[in-house]
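Student: Under this note's numbering, the first residue of the sequence shown is numbered 213, with each subsequent residue one higher.
We put the CB at the ideal spot given by N, CA and C, even for glycine.
Remember, predicted model here, so these are calculated numbers, not experimental data.
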Amino acid sequence: MKITDIKPIPVWVGRRNQMLVKIETDEGIYGWGESGLSSRELAVQGAINHYREFLIGRDPMHIGALWQEMYRGQYFEGGRVLTAAISAIDIALYDIAGKALNVPVYQLLGGKQRDFVPCFASTGAPMGPELIDETKCLVEKGWNVIRTHFHHKQKDIFEPRKSIGPTATWLTKLREAVGNEPTIGIDYHHRLNVAEAASFCQRMPSGTLDFLEEPIRDDTPEAYETLRTMTDVPFAIGEEFSSKWEFLPYIERGITNFARIDVCNVGGLTEAMKVASMAEAHYIELMPHDPLGPICTAATIHLAAAVPNFAWLEAQAASTKEQQSSEDELFPIRPKLKGSYFPVPDGPGLGIEVNENLTNKTPFKFWEAPHLYRHDGSFTNW
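1) Name the DSSP bridge partner or partners of Trp-244?
2) Could you tell me the boundaries of the alpha helix (DSSP H) in which Asp-217 lies?
3) Rounded to whole angstroms, what's the CA-CA distance from Ile-449 to Ala-484? Just pull it up for me.
4) Based on DSSP bridge pairs, tell me the residues matched to Pro-557.
5) Following the continuous beta strand (DSSP E) through Cys-331, name the residue where it begins and the one where it ends.
6) Please classify Glu-289 as buried or exposed, where buried requires at least 16 other C-beta atoms within 10 Å of its C-beta.
7) Can you list, in chain order, the residues of its chain with a C-beta nearer than 8 angstroms to that of Arg-465? Leave out the 5 residues immediately preceding and following it.
8) The alpha helix (DSSP H) with Asp-307 in it runs from where to where?
9) Does the stretch 576 to 586 come within contact of the stretch 542 to 549, defined as at least 3 CB pairs closer than 8 angstroms?
10) Could you check what DSSP says for Lys-550 in three-state terms: helix, strand or coil?
11) The beta strand (DSSP E) that contains Phe-447, what's its start and end?
12) Our contact map puts Gly-505 next to Glu-539 with C-beta atoms below 8 angstroms; I'd like the distance itself, whole angstroms only.
13) Is the stretch 549 to 564 in contact with the stretch 373 to 388, if contact means three or more CB pairs nearer than 8 angstroms?
14) Confirm, please, whether the CB-CB distance from Arg-292 to Asn-469 is below 8 angstroms.
15) Taking 8 angstroms as the threshold (C-beta atoms), are Lys-214 and Gly-285 in contact?
16) Roughly how many angstroms separate the alpha carbons of His-587 and Leu-278, rounded to a whole number?
17) In whole angstroms, what separates the C-alpha of Ser-489 from that of Gly-589?
18) Starting from the N-terminal side, write out each stretch of the beta strand (DSSP E) that is 3 residues or longer and does not extend beyond the stretch 413 to 460.
19) Going by the beta-carbon positions, is the gap between Met-282 and Ile-308 smaller than 8 angstroms?
20) Using the C-alpha atoms, what's the distance from Glu-492 back to Pro-461?
21) Any idea what DSSP makes of Pro-500, helix, strand or coil?
22) In terms of residues, what are the limits of the beta strand (DSSP E) holding Val-357?
23) Express the C-alpha separation of Ile-358 and Gly-336 in angstroms, rounding to a whole number.
24) Below 8 angstroms between beta carbons: does that hold for Ala-389 and Trp-355?
25) According to DSSP, is Leu-320 helix, strand or coil?
26) Assuming contact is defined by CB atoms lying nearer than 8 angstroms, are Ile-467 and Phe-447 in contact in what I supplied?
27) State the beta-bridge partners of Leu-584 as determined by DSSP.
28) Using a Cβ-Cβ cutoff of less than 6 angstroms, which residues in the same chain neighbour Arg-403 once the five nearest sequence positions on both sides are dropped?
29) Could you tell me whether the Cβ atoms of Ile-241 and Gly-480 are closer together than 8 angstroms?
30) Put Gly-563 into one of helix, strand or coil per three-state DSSP.
31) To the nearest angstrom, how far is it from the Cα of Arg-387 to the Cα of Thr-420?
32) Are the stretch 342 to 353 and the stretch 509 to 520 touching, with three or more C-beta to C-beta distances below 8 angstroms?
33) What does Ala-493 pair with, by DSSP beta-bridge criteria?
34) Do Ala-527 and Lys-324 have their C-beta atoms closer together than 8 angstroms?
35) How big is the Cα-Cα spacing for Val-406 and Asp-444?
Quick look at the structure:
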């Protein structure tokens, strides 16, 4: 079997772009992949086109060898654009291998270790009574792991320090309202510095939060080590990491407690399995990042099925009807939530199909993440 074509297909789905990749073979078997790096999809498309030049004619079953060649095949190896492209290609190759061997992808990763993949829900409710009401509603529906978001009132203005007081106040009230059983966390989306993150944690009683996701930028492990000495809240870090090497200091030095791995950014399933093994050796569980599309979700379900050290998968528990409708049409076969978990599929490959007739009807749109400023006019993180 030989690769005959690699097609990058950026499409607009509901509220954002998805960078899909289809790999075709001379035996009629094809595979689907997806890249991360949202809002920079065309950069990834360019990288995929470079890789296509030497992957045509190669054996798609040589997944590990092709990964090494893609990663090492240029002097300037690595980086988020290149590994996002490698991720999509790698996932599609696993889809092909599973279909060729008539087994689910998780069988290629060591076999199934669980029958279903537990998930966590996210609430976008603002800090206030609405947050408590929505969280209680999620708990009543069977969700026992819930991620919240921070206080942010103005669309284009964000003052990091001003957000921490009301956020801490309402999270404390939320814990009092729902009790000790639910797992409660917050994603601060790397909008704080070390001092602000420490102040935020110190304003709440110990045990209020079960995890704090991405409070500061992850470029400097030493900054996180400093923050680690200033709070006892477990950290969930890693959604931006693009290799096992980026994960390495966070795992080996005990900086993170949950590995927020993204199979569409880290280098696909090949690299994700290596990160999972490193994390297992340090008693760290995976808590995968999954805000993209159904192909990312499907690939992550197979990863979750095959590893022992797994906590929860990010799930869109309250997607808009527009988003659900768009994904149902474009992905007629895709993973579907069953309550608060995904069943592990038993069909060949990833277990996903794409309606290619619709990809031309939902073309790529230029989209920028919000550009946020402080009141003094200086730029700050989104």
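Tutor: Quick look at the numbers:
1) Answer is Lys-234.
2) Premise fails: Asp-217 lies in the beta strand (DSSP E), 215 to 225, not in any alpha helix (DSSP H).
3) Looking at the two C-alpha atoms, the distance is approximately 14 angstroms.
4) In the DSSP output, where bridge partners are listed per residue, Pro-557 has none listed.
5) It spans 328 to 334 - the beta strand (DSSP E) in which Cys-331 sits, taken as one unbroken run.
6) Glu-289 should be labelled exposed.
7) For Arg-465, where only same-chain residues beyond five positions count, the Cβ hits under 8 angstroms are Pro-433, Glu-437.
8) Annotation for Asp-307: the continuous alpha helix (DSSP H) segment containing it runs 292 to 313.
9) At 8 angstroms Cβ cutoff, the stretches do not touch.
10) In the displayed model, Lys-550 falls within a strand according to three-state DSSP.
11) From DSSP, the beta strand (DSSP E) with Phe-447 extends over 447 to 449.
12) Yes, they are in contact, since the Cβ atoms of Gly-505 and Glu-539 sit about 7 angstroms apart, within 8 angstroms.
13) Verdict: no, contact absent.
14) Taking 8 angstroms as the Cβ cut-off, Asn-469 and Arg-292 do not qualify as a contacting pair.
15) No, the Cβ-Cβ distance between Gly-285 and Lys-214 is not below 8 angstroms.
16) Rounded to whole angstroms, His-587 to Leu-278 spans 49 angstroms at the Cα level.
17) The straight-line gap from Cα to Cα measures roughly 45 angstroms.
18) With a minimum length of 3 residues, the continuous beta strand (DSSP E) runs that stay inside the stretch 413 to 460 are 423 to 425, 447 to 449.
19) For the 8 angstroms CB-CB criterion, Met-282 and Ile-308 do not form a contact.
20) Spanning the two alpha carbons is a distance of roughly 14 angstroms.
21) If DSSP states are grouped into helix, strand and coil, Pro-500 belongs with coil.
22) 357 to 361 is the span of the beta strand (DSSP E), which, as asked, contains Val-357.
23) Each residue's Cα considered, the two are about 11 angstroms apart.
24) No, these two residues do not count as a Cβ contact at 8 angstroms.
25) Residue state, collapsed to three classes: helix.
26) Phe-447 sits close to Ile-467, with the two beta carbons spaced by under 8 angstroms.
27) Paired residues: Thr-592.
28) Answer for Arg-403: Pro-372, Asn-593, listed in chain order.
29) Between Ile-241 and Gly-480, the gap from beta carbon to beta carbon reaches 8 angstroms or more.
30) Assigned with DSSP and collapsed to three states, Gly-563 falls in coil, not helix or strand.
31) So the alpha carbons of these two residues sit roughly 6 angstroms apart.
32) Verdict: no, contact absent.
33) Residue pairing for Ala-493: DSSP places it in no beta bridge.
34) Contact flag unset, no.
35) Within the model, the alpha-carbon separation for Val-406 versus Asp-444 is close to 14 angstroms.
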